[in-house]
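Just so we're on the same page, my numbering is the position in the sequence shown counted from 1, plus 9.
Beta carbons are placed, not taken as given, at the ideal position from N, Cα and C, and that holds for glycine.
As the structure is a prediction and not an experimental result, all values here were calculated from the model.
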Amino acid sequence: MAQQPQKQGVQPKTDYVKGDLVLVRDVEKYWLGLPGHTFVGRVERSWTHADTGKVLYDLTELGSLSYRAGIDPDYTRPLPATDAMHDIDTAPLREPDTGAMTPAAVAWLRQHLGQDSSALPTRP
């Protein structure tokens, strides 16, 4: 009998702090095929449900600025700064053709070069 390949699971980070950005899936909307089932949120606070003992999160949905209470961390994923800044951090600065850079990288460079054209900020 052939063995089934093992699926590698992703362990969600569940220790968010105020200000963390997360991707949230509204699982009921998702399984029903309804629109708007996934959104970006900012963590406002965490609290423990009195009946289940599970830690839940209250978020601000960034697209609409609406408050969402009691978000289950099983349906959230962190949005790390390294992912958001990857295109800028890896921009081909030595390339003569700025078309090789993403629009975000070009915009960031223009903004910073406009402030001080003597030097680019260094990456921490």
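Asked	Found
First and last residue of the uninterrupted alpha helix (DSSP H) at Leu-99	Checking the sequence, you will find Thr at residue 99 rather than Leu. Note, Thr-99: premise wrong, no alpha helix (DSSP H); not H, not E.
Where Ala-59 sits in the DSSP three-state scheme	coil
6 Å Cβ shell around Pro-44 - same chain, five flanking residues per side excluded	none
Bounding residues of the beta strand (DSSP E) (the contiguous stretch that carries Asp-67)	64 to 70
CA-to-CA distance, Gly-79 to Ala-59, given in whole angstroms	12 Å
Residues near Asp-35 by beta carbon distance below 6 Å, same chain, minus five either side	His-46
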